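See structure below.
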Amino acid sequence: KVLIFSQYLGFLDLLGSQFSANGIHFFRLDGSLSLKARITVLEEFRVFQQAKQASVNGDACRKGTVMLMSMGAGGEGLNLVAASSVFIADPWWNAAKEDQCVNRIHRIGQLSPVVRVRKFVVTDSVEERIVELQSRKKYV
């Protein structure tokens, strides 16, 4: 399972519309959800794949394996060991915030032997400058 973090809700909207257009079921957690809705989404994400693994449908492994999350709502205080990959869609000016997002899957109970982390940075954009600032701040 995969967690995709972005600080921009509009970007999560774009990803969600593309997933929907391609028949890929996904979950989403952002600040617009009530506490009850957040708990429901997190629990459904955790158990969805387990239920689908029994299916003989070849597409089952693609469905319910993606959680779109805002960095603000999903970046702290959650245990998401059902996932083994994290994608940071856009860099945050403070690397500690990104580290918090990644740490959602580096928890006791993580059964995956390989945890993957990918960060995306657009070449020749302000994102490169943000990554440079992150590096400098890390060693201050």
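If you count the sequence shown from 1, position 35 lands on 35 in UniProt numbering, and the numbers rise without skipping.
We put the beta carbon where it would ideally sit given N, CA and C, even for glycine.
Computed from a predicted structure; not experimentally measured.
Proximal residues to R38 (C-beta, below 8 Å), its chain only, five neighbours per side dropped: Only L29, A73 meet the Cβ criterion.
Rounding to the nearest angstrom, what Cα-Cα distance links T65 and L15 in this structure? Between T65 and L15, the C-alpha separation is close to 14 Å.
Are there 16 or more other CB atoms within 10 angstroms of the CB of G10, so buried, or fewer, so exposed? The residue is exposed, with fewer than 16 neighbouring Cβ atoms inside 10 Å.
Here's the rule I'm using: 16 or more other beta-carbon atoms within 10 Å means buried, otherwise exposed. How should L78 be labelled? That one is buried.
Short Cβ contact (8 Å threshold) for S84 with K1: Annotated as proximal: S84 and K1, with beta-carbon spacing under 8 Å.
Here's the rule: buried if 16 or more other CB atoms are within 10 angstroms of the residue's CB, otherwise exposed. What is L3? Counting of Cβ neighbours within 10 angstroms places L3 among the buried residues, the total reaching 16 or more.
My understanding is that V86 touches F5, with C-beta atoms under 8 Å, so please give their C-beta distance in whole angstroms. Confirmed, about 7 Å.
How about P91 and K119: do their beta carbons lie closer than 8 Å? Yes, the pair counts as a contact, with Cβ atoms nearer than the cut-off.
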